[in-house]
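Trainee: If you number the sequence shown the way the working numbering does, the last residue is 214 and the count never jumps.
We put the beta carbon where it would ideally sit given N, CA and C, even for glycine.
Structure in structure tokens, see below.
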Amino acid sequence: PEHNVAEVAAIIAKEKYGLDVEFVLFNDYALPNTATSNGDLDANAFQHKPYLDKDSDAKGLKNLVIVGNTFVYPLAGYSKKIKNVSELADGATVAVPNDPSNLARALILLEKQGLIKLKDNTNLFSTSLDIVENPKNIKIQEVDTSVAARALDDVDLAVVNNTYAGQVGLSANDGVFVEDKDSPYVNIIVARDNNKDSEAVQNFVKA
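Written out as structure tokens, the structure is:
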């Protein structure tokens, strides 16, 4: 979805500002921030602020700044076994993304469905250790964000990022439940502190 939006923005950028945009697609969330920080990319658009903060801290990336917003791409719970969250059996296995920000995001979503209770549901970096109530004794299985959608055959429910759901032909409309529109996880455009004010970056953001 982010790539589709960026393609439209690129067309507008070319028509309005004469800007040629070259896209580099990544299959691994761990790569774009490093590539932007070291100058291989001028900007990236794939993440939300909690992920940027955590990734930058983990890798010591000091020069990345937010230059714009795109959209909220909802996280959703998908299943091949149930149609309604009330059908989830005691002891069911639920797959969630294992990167810190999306893990917390998934846990907050599970709490909103009444499946668990967190110590603090405003903590955007909650972990499984912060679960204080689990009435159905569901088993939380942390998996790589990029393979969560492909775990559907092996688990009862999987909470999947919209980007990776789309790669296996799923949309938010297919979800058993979907993240609210008031989510704090709006996707952002990120550049470096030394190019954030460049004409090219600013025109792309405006597009």
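Return the chain-ordered list of same chain residues with a C-beta closer than 6 Å to the C-beta of lysine 203, the five sequence neighbours on each side being excluded.
Mentor: Counting from 1 along the sequence shown, the entry for residue 203 is found at position 196. Val72, Val74.
Trainee: Name the residue from Ala96, Ala156, Leu95, Val185 whose alpha carbon lies nearest to the alpha carbon of glutamine 174.
Mentor: Indexing the sequence shown from 1 puts residue 174 at position 167. Among Ala96, Ala156, Leu95, Val185, the Cα nearest to that of glutamine 174 belongs to Ala156.
Trainee: Check the C-beta distance from glycine 98 over to asparagine 144 and give it rounded, since I have them as a contact under 8 Å.
Mentor: Taking the first residue of the sequence shown as 1, we reach residue 98 at position 91. Taking the first residue of the sequence shown as 1, we reach residue 144 at position 137. The Cβ separation is near 5 Å, so the contact holds.
Trainee: Is aspartate 62 close to chain B? Criterion is C-beta to C-beta, closer than 8 Å.
Mentor: Although the question refers to chain B, the structure presented lacks it and comprises just one protein chain.
Trainee: Based on DSSP bridge pairs, tell me the residues matched to threonine 100.
Mentor: Working through the sequence shown from its first residue, we reach residue 100 at position 93. Threonine 100 is bridged to Lys146.
Trainee: Given this structure, state the Cα-to-Cα distance separating alanine 207 from alanine 198, to the nearest angstrom.
Mentor: On the sequence shown, residue 207 is found 200 positions in, with the first residue counted as 1. On the sequence shown, residue 198 is found 191 positions in, with the first residue counted as 1. Looking at the two C-alpha atoms, the distance is approximately 11 Å.
Trainee: Assign leucine 32 to one of two classes, buried (16 or more other C-beta atoms within 10 Å of its C-beta) or exposed (fewer than that).
Mentor: One-based indexing of the sequence shown puts residue 32 at position 25. Classification for leucine 32: exposed.
Trainee: Hey, out of Glu118, Leu159, Ser153, whose CA is closest to glutamate 140's CA?
Mentor: Indexing the sequence shown from 1 puts residue 140 at position 133. Answer by Cα proximity: Glu118.
Trainee: Near aspartate 35, which residues of its chain fall below 8 Å by C-beta distance, leaving aside the five closest residues on each side in sequence?
Mentor: One-based indexing of the sequence shown puts residue 35 at position 28. Only Ser153 meet the Cβ criterion.
Trainee: Please determine, among Lys61, Val166, Lys124, Asp181, the residue with the shortest C-alpha to C-alpha distance to threonine 41.
Mentor: Your numbering for residue 41 matches position 34 in the sequence shown. The shortest Cα separation from threonine 41 among Lys61, Val166, Lys124, Asp181 belongs to Lys61.
Trainee: Does the contact criterion of 3 or more C-beta pairs under 8 Å hold for the segment 15–27 versus the segment 160–179?
Mentor: No, the segment 15–27 does not touch the segment 160–179.
Trainee: Assuming lysine 58 is part of the alpha helix (DSSP H), what are its boundary residues?
Mentor: Residue mapping note: residue 58 aligns to position 51 of the sequence shown, counting from 1. Just to set this straight, residue 58 is tyrosine in the shown sequence, not lysine. 56–66 is the span of the alpha helix (DSSP H), which, as asked, contains tyrosine 58.
Trainee: Between the alpha carbons of alanine 179 and glycine 46, how many angstroms are there, rounded?
Mentor: Indexing the sequence shown from 1 puts residue 179 at position 172. Indexing the sequence shown from 1 puts residue 46 at position 39. Whole-angstrom Cα-Cα distance: 34 Å.
Trainee: Report whether the distance from the Cβ of lysine 124 to the nearest heavy atom of the ligand FAD is below 7 Å.
Mentor: As for the ligand FAD, it is missing from this structure, which has no ligand bound.
Trainee: Please list, in chain order, all residues of the same chain as threonine 134 whose beta carbon is under 8 Å from its beta carbon, the five residues on each side excluded.
Mentor: Along the sequence shown, one-based indexing puts residue 134 at 127. Hits under 8 Å: Pro107, Leu110, Ala111, Leu114.
Trainee: Sort out for me which residues DSSP pairs lysine 124 with in a bridge.
Mentor: Stepping through the sequence shown from its first residue, residue 124 is reached at position 117. DSSP lists Glu140 as partners of lysine 124.
Trainee: Helix, strand or coil for valine 208 per DSSP?
Mentor: Residue numbering aside, residue 208 sits at position 201 when the sequence shown is read from its first letter. Helix at valine 208.
Trainee: Below 8 Å on the Cβ atoms is my contact criterion, and I expect serine 86 with aspartate 161 to pass it. Report the Cβ-Cβ distance as a whole number of Å.
Mentor: Within the sequence shown, the letter at position 79 stands for residue 86. Within the sequence shown, the letter at position 154 stands for residue 161. The Cβ separation is near 12 Å, so there is no contact.
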